[in-house]
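J.:
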Amino acid sequence: MRMFRDLVKNRGLYTMAIPGIIFLVVFSYIPLSGHLLAFKDFQISKGIWGSDWVGLDNFRFFFSNRDWIQVTVNTVYLNALFIIFEMAFALLIALFLNEIRLKWFKRTIQSVVFLPYFISWVVVGYMTFILFNNTDGLINRVLSMSGLQAVDWYQTPWVWPIILTITRIWKSAGYYSIILLAAITGFSSDYYESARLDGATRLQQMKYITLPLLKPQIIILVLLGVGRIFYGDFGMIYGIIGDNGILFPTTDVIDTYSYRALRQLGNFSMSSAIVFYQSIMGLIAVVSFNALVRRIDKDSRLF
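Every letter in the sequence shown is one number past the one before it in our numbering, and letter 89, counting from 1, is 104.
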């Protein structure tokens with residue numbers, strides 16, 4: 016009854032929420048039924064409901080060899096690098112932009128750091144190839160001109176986590192910096208005026224006012240990143256690495272492994288089993304990190 020009265024009282028707000036709720040149900044909740052494929056021997060002619068149940072047989076495909084350990088470690092390791100360095104650089108850019116007083120210069124820098132976010136990973140993949148091409152890549156040309164030996168980048172697996180992290184920072188740090196900068200501009204100027212009256216320098220204002228006030232936004236962004244720590248960025252990894260098997264020891268993630276399994280075997284059920292495993296691990300990660308945040312600071316938890 017109380018819920019009904021609230022619906023009537025705020026009917027305007029709930030009406031505006033209907034399109035968003037429909038979008039969420041259609042594109043986020045209905046696709047969850049696809050996880051059933053992980054427990055079935057899916058045959059297109061029989062459909063999802065007509066295909067036979069096979070229990071956990073499809074998971075044996077993934078866990079029967081040590082590849083699952085490698086792709087899981089690679090996925091978590093690369094995402095951890097992305098989260099740490101992306102947020103660190105985004106925070107530095109936001110603090111730097113906040114200190115700029117020339118508006119035209121500030122807007123120019125904002126546009127420059129935000130622009131890479133709109134470039135597709137396919138284009139970024141070609142740009143990376145131009146830079147690190149083994150024969151006439153820009154980096155190898157600079158090394159040769161400097162009297163140094165050229166490096167066969169696409170045959171050197173250990174450097175690619177570094178290259179991918181730098182690429183990710185270049186593409187996404189500007190986007191997150193705009194979010195943090197928007198939060199900073201919302202802080203009351205009274206804090207800063209009081210600090211200036213007490214003789215605080217700009218660095219001290221940044222350290223004792225801006226950073227503590229930014230903590231909730233940083234935790235939320237990190238929490239959202241942790242929630243996807245078991246999701247490899249397929250567009251990024253496949254757009255840059257492709258099917259280069261030599262680089263798989265350090266760059267092969269769950270998504271690219273699942274894609275290759277589907278492409279080579281054509282078995283939807285086995286690929287769905289991998290995706291189901293990925294979803295469960297992602298849920299465990301976000302619940303665990305949220306519990307950790309709740310123990311440290313209750314007001315910063317996501318739920």
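We put the CB at the ideal spot given by N, CA and C, even for glycine.
Quick check: the region 101 to 108 against the region 133 to 152, are at least 3 beta-carbon pairs closer than 8 Å?
T.: Cβ pair count under 8 Å is below three, so no.
J.: Using 8 Å as the threshold, is the C-beta distance between Pro-172 and Leu-96 below it?
T.: Your numbering for residue 172 matches position 157 in the sequence shown. Your numbering for residue 96 matches position 81 in the sequence shown. No, they are not a contact pair.
J.: Entirely within the region 249 to 318 and at least 3 residues each: give me those beta strand (DSSP E) ranges in chain order.
T.: Listed in chain order, there is nothing to give.
J.: Could you tell me the distance, in whole angstroms, from the CA atom of Ser-204 to the CA atom of Ala-210?
T.: Position 189 of the sequence shown holds residue 204. Position 195 of the sequence shown holds residue 210. Rounded to whole angstroms, Ser-204 to Ala-210 spans 10 Å at the Cα level.
J.: Who are the Cβ neighbours of Ile-9 in its own chain at under 6 Å, not counting the five residues just before and after it?
T.: Since the first residue of the chain shown is 16 and the last is 318, residue 9 is not available in this structure.
J.: What's the gap between the Cα of Gly-257 and the Cα of Phe-249?
T.: For the purposes of this step, residue 257 is taken as residue 242 along the sequence shown, with counting starting at 1. For the purposes of this step, residue 249 is taken as residue 234 along the sequence shown, with counting starting at 1. Straight-line Cα distance between these residues: approximately 10 Å.
J.: By the three-class DSSP mapping on this structure, what secondary structure does Lys-230 have?
T.: Within the sequence shown, residue 230 is the residue found at index 215, counting from 1. In this structure, Lys-230 counts as helix in the three-state DSSP scheme.
J.: Less than 8 Å between the beta carbons of Leu-52 and Ile-63, yes or no?
T.: Sequence index remark: in the sequence shown, residue 52 carries index 37 (1-based). Sequence index remark: in the sequence shown, residue 63 carries index 48 (1-based). Taking 8 Å as the Cβ cut-off, Leu-52 and Ile-63 qualify as a contacting pair.
J.: CB-CB under 8 Å to Gln-232, same chain, minus the five flanking residues each way: which ones, in chain order?
T.: As a working note, residue 232 is residue 217 in the sequence shown. Excluding sequence neighbours, Gln-232 sits near Ile-194, Leu-195 and Ala-198.
J.: Write down the C-beta distance between Val-86 and Ile-244 rounded to the nearest angstrom, noting that I regard them as a contact closer than 8 Å.
T.: Counted from its first residue, the sequence shown places residue 86 at position 71. Counted from its first residue, the sequence shown places residue 244 at position 229. Not quite, the Cβ-Cβ distance comes to about 13 Å (not below 8 Å), so this is no contact.
J.: Sorted by chain position, which residues of the same chain lie with C-beta nearer than 6 Å to Phe-283's C-beta, five sequence neighbours on each side aside?
T.: The count along the sequence shown starts at 1 and reaches residue 283 at position 268. These residues qualify, in order along the chain: Leu-52 and Phe-57.
J.: Using DSSP with H/G/I as helix, E/B as strand and the rest coil, what is Lys-55?
T.: Locating residue 55 in the sequence shown gives position 40, counting from the first residue. Strand at Lys-55.
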